[in-house]
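In the working numbering, the protein residues as written are 192 to 527. Read through the structure below, which is laid out as structure tokens, and then see the notes.
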Ligand code: ADP
């Protein structure tokens with residue numbers, strides 16, 4: 192598909208360049224031939240005038256010779272035509288090659304975008320299929336069960352609710368991703384104290400940390416950033432949620448901030464399982480999960496949402512991690 196598009200685009204480039212080059216050549220040819228004709232006419236007039244002047248004086252002269260050879264003029268015009276055709280051929284050959292390279296470069300980002308889009312659709316369908324299949328199977332089994340009583344039906348409904356919640360979480364994440372991908376949204380930034388933002392995220396996450404007996408320790412947290420409050424709270428909640436999710440029970444998650452000239456860095460440090468070095472780049476990809484067995488509840492969308500929120504605020508994220516020793520997620524946001 193892309194090869195065809197590339198060839199078509201090359202032909203379009205060639206057609207445009209060909210028309211421009213041919214038009215210029217035509218103008219050059221016309222100007223040169225007109226100039227040659229004008230030159231020949233002037234020369235002829237001058238010779239005739241000189242001859243007539245000398246006849247008036249009384250000199251006996253032979254009739255004037257034809258000094259301008261019409262064959263020579265036709266030949267010169269033919270040579271100009273040939274030279275211009277040669278130049279045009281050369282231009283078309285060079286621009287053809289360049290057009291092919293250029294069209295490849297033009298189509299490359301579109302190709303990458305389409306490939307990513309296709310991967311996204313297939314990953315999203317895969318994520319949707321699992322809970323949908325579970326739902327379908329449990330409903331069918333329940334309907335076929337003639338001995339199903341009220342308690343049994345309630346149990347099935349409870350299981351279904353888990354899958355429905357899972358689906359609803361997935362659709363919310365997908366919606367959030369597409370909203371963040373929309374470049375046209377108008378940014379409404381306001382000065383926000385990091386302490387308040389982190390406190391709000393921590394209070395959302397607290398029940399999960401208590402469940403695993405993980406203590407959330409806030410060390411010196413200071414600084415003000417310009418940003419969107421809801422999005423920043425969501426960002427910190429995602430990173431804190433992961434810190435708890437990927438830590439064994441009874442561990443610690445430490446949060447602190449540091450200032451640099453341009454940025455305020457928020458460190459979220461856990462003592463969890465850590466991330467392999469070659470996975471560090473991939474964890475921000477959509478649907479990427481280091482745990483291939485997919486035993487955890489996530490969809491692999493959290494960090495890609497987090498990354499987009501950071502980009503939205505013109506910040507950046509860095510991860511330092513050691514397998515078995517934990518991770519340090521460093522979020523840098525521009526200082527107010
Ligand atoms: P998920 O929903 O699976 O948590 P994320 O996008 O939030 O998706 O994270 C992607 C992957 O990065 C996770 O599956 C996990 O393997 C890894 N990861 C993220 N945060 C941590 C962390 N604090 N410690 C260890 N691994 C992490």
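Even for Gly, the Cβ is constructed at its ideal location relative to N, Cα and C.
Item                                                                                                                                                                     : Value
Under DSSP, the beta strand (DSSP E) around residue 448 begins and ends at which residues?                                                                               : 443 to 450
Contact check, residue 526 vs residue 519 under 8 Å by CB: the rounded distance?                                                                                         : Incorrect: roughly 20 Å between the Cβ atoms, too far for contact.
Give the single residue among 247, 340, 500 whose Cα lies nearest to the Cα of residue 374.                                                                              : 500
If you drop the 5 nearest sequence neighbours on each side, which residues of the same chain put their C-beta closer than 6 Å to that of residue 357?                    : 322
Measure the alpha-carbon distance for residue 329 versus residue 359 and round it to whole angstroms.                                                                    : 18 Å
Along the chain, where does the beta strand (DSSP E) that runs through residue 509 open and close?                                                                       : 507 to 513
Quick one: what's got a C-beta closer than 8 Å to residue 383's C-beta in the same chain, skipping five residues either side?                                            : 415, 416, 417, 418, 420, 423
Is any non-hydrogen atom of the ligand ADP found closer than 7 Å to the C-beta of residue 311, if you look at the structure I gave you?                                  : no
Following a CB-centred definition, is residue 422 positioned closer than 7 Å to any heavy atom of the ligand ADP?                                                        : no
Pair every Cβ in the segment 431 to 446 with every Cβ in the segment 458 to 469, then say whether three or more of these pairs are closer than 8 Å.                      : yes
Using DSSP's beta-bridge definition, name the partner residues of residue 383.                                                                                           : 416
When DSSP builds the beta bridges, which residues end up paired with residue 317?                                                                                        : Note: residue 317 sits in no beta bridge, so no partner.
Once DSSP output is grouped into helix, strand and coil, what is the label at residue 405?                                                                               : coil
Check the DSSP bridge columns for residue 399 and list the partner residues they point to.                                                                               : DSSP output for residue 399 lists no bridge partner at all.
Over what stretch of residues does the beta strand (DSSP E) that includes residue 524 continue unbroken?                                                                 : 517 to 525
By the 10 Å Cβ neighbour count, where 16 or more other Cβ atoms means buried, how is residue 352 classified, buried or exposed?                                          : exposed
Less than 7 Å separating the Cβ of residue 501 from some heavy atom of the ligand ADP?                                                                                   : no
What do you reckon, are the CB atoms on residue 396 and residue 431 nearer than 8 Å?                                                                                     : yes
Does the distance between the C-beta of residue 495 and the nearest non-hydrogen atom of the ligand ADP fall short of 7 Å?                                               : yes
Flag this pair as touching only if the segment 275 to 294 and the segment 194 to 212 have three or more C-beta atom pairs under 8 Å; answer yes or no.                   : yes
Are the beta-carbon atoms belonging to residue 366 and residue 429 less than 8 Å from one another?                                                                       : no
Would residue 477 and residue 368 be called neighbours here (beta carbons separated by less than 8 Å)?                                                                   : yes
Going along the chain, which unbroken runs of the alpha helix (DSSP H) with 4 or more residues stay wholly within the segment 326 to 354?                                : none
Check whether the segment 329 to 346 touches the segment 303 to 313, counting contact only when three or more Cβ pairs, one atom from each stretch, lie closer than 8 Å. : no
Can you name the start and end residues of the beta strand (DSSP E) that residue 456 belongs to?                                                                         : 454 to 461
Entirely within the segment 222 to 281 and at least 4 residues each: give me those alpha helix (DSSP H) ranges in chain order.                                           : none
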